[in-house]
Amino acid sequence: MRVAILSAEAVPYSKTGGLGDVAGALPKALCRVGVDAVLITPLYLQTSGEYLSHLLIDDLWLNWGGHDFRAKVFYSEANGSPTFLIDAPEFFHRSSIYGFREDYERFAFFNHAALVLLTRIGAPPDIVHLNDWHCGFAAVEIASRRNRGDDYWRRTKTVFSIHNLAYQGAFGTEELWKLGFGSEFERNAFQFDGAASALKAGLAVSDKLSTVSRRYSYETQTAENGYGLDWLLRQRSEKFIGITNGVD
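My numbering puts the sequence shown at residues 4 to 251.
Here you go:
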C-alpha cells in the first residue's frame, strides 16, 4: 500500500504543537509495518539544514492562481521515513510558521505543490492522509480531479484527520477563484457560515475522517464542542473514527 501524508508541520523539521509530533512519527510507524509511506511538508525558514539530505528537484514548476511558480524539493529521512520538503521562500520563509493573514493562501499553495510533486515522483498513492485545515485544499483538489476523470487520481482515497477542530482556516469566498477553486462543487465544499473554510472542505469531501481519540470524535459531534461543524460530523459519522494518538 502506498500512502502519502501531508502536514503543515512535522518533527524534526518543524513543530508548534501536537500535530508536528504525530505527523513526524506516523510515517515512520507505517514504514515499520511494511507500508510504502512518504511525508510531504513545507521547508520553513526555521527548518534546520542538518535534517536535509539533498536537493531532489530544482524545478517543480507550478501554474497556480494564474501565475507560474518555481519550487524546489529537498529529500530527507531524518524522521525515519522518506520525506519531501517543498521549498518556496515567498510562502514559507517567514518569521514564524503560522500567524499571517494570508496563511490560507500559503497552505493552498503547499497542497497544490504536494499533489503536483506526487504526480512527478511515481505511481499514484492509494491513500492521501491530510491533517487539519491546512490540508483541506488537497482534499477538494483530489475530489475534483476524480470527478473530472483524472486517470492519476481516480483510485486514490483521502483520509482527513482533525487534530484541533477550533482552527478552521477561514477566509473570504472571493479568494476561491484565486486559489483555483471555481466550480460549483468546489465552492460548495468550502462554503461555511458566510465565508470559506478549508477545514469544512476537508471534512465535506474526504473519503474517511479521523481524529485523535474516540472520545474526541464523540465530543466534536455535539453542539458544545463542534465549533459549528457538529452537524457535518454527525452527517458523516459512518465515515468518522477516533484513533488514539500513541507514543512512538
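Note that beta-carbon positions come from the ideal geometry of N, C-alpha and C, so glycine has one too. In this text, all values refer to a predicted model and were calculated from it rather than measured experimentally.
Assigned secondary structure, residue i (DSSP; H/G/I helix, E/B strand, else coil)
i, result
"K211", "strand"
"I8", "strand"
"V143", "helix"
"W67", "strand"
"P15", "coil"
"V25", "helix"
"P92", "helix"
"L121", "helix"
"Q238", "helix"
"G20", "coil"
Where residue i falls, given that 16 or more other Cβ within 10 Å makes a residue buried
i, result
"H70", "exposed"
"G125", "exposed"
"D90", "buried"
"T122", "exposed"
"A74", "buried"
"N82", "buried"
"V6", "buried"
Through-space distance from residue j to residue i, alpha-carbon basis
i, j, result
"W234", "F87", "36 Å"
"F112", "L55", "21 Å"
"S213", "E222", "13 Å"
"D251", "G172", "No answer about D251 holds up, because its pLDDT of 47 lies below 50 and its placement is not dependable."
"G280", "L168", "Here the chain covers residues 4 to 251 and nothing more, so residue 280 does not appear."
"L206", "G197", "17 Å"
"W180", "W67", "11 Å"
"A11", "G23", "8 Å"
"R97", "N248", "30 Å"
"F110", "H137", "6 Å"
"G175", "L232", "18 Å"
"I165", "Q224", "12 Å"
"R237", "Y170", "19 Å"
Integer Cβ distance of residue i from residue j, believed to fall under 8 Å
i, j, result
"S17", "T44", "7 Å"
"L63", "A116", "7 Å"
"S186", "S147", "7 Å"
"V14", "G27", "3 Å"
Closer than 6 Å: residue i CB and nearest the ligand FMN heavy atom
i, result
"R217", "The ligand FMN is not part of this structure, which contains no ligands at all."
Flag this pair as touching only if the stretch 127 to 140 and the stretch 150 to 161 have three or more C-beta atom pairs under 8 Å; answer yes or no.
-> yes
Given 8 Å, three or more beta-carbon pairs between the stretch 59 to 67 and the stretch 94 to 106 | no
Decide if the stretch 191 to 205 is in contact with the stretch 133 to 152; the criterion is three or more beta carbon pairs, one per stretch, under 8 Å apart.
-> yes
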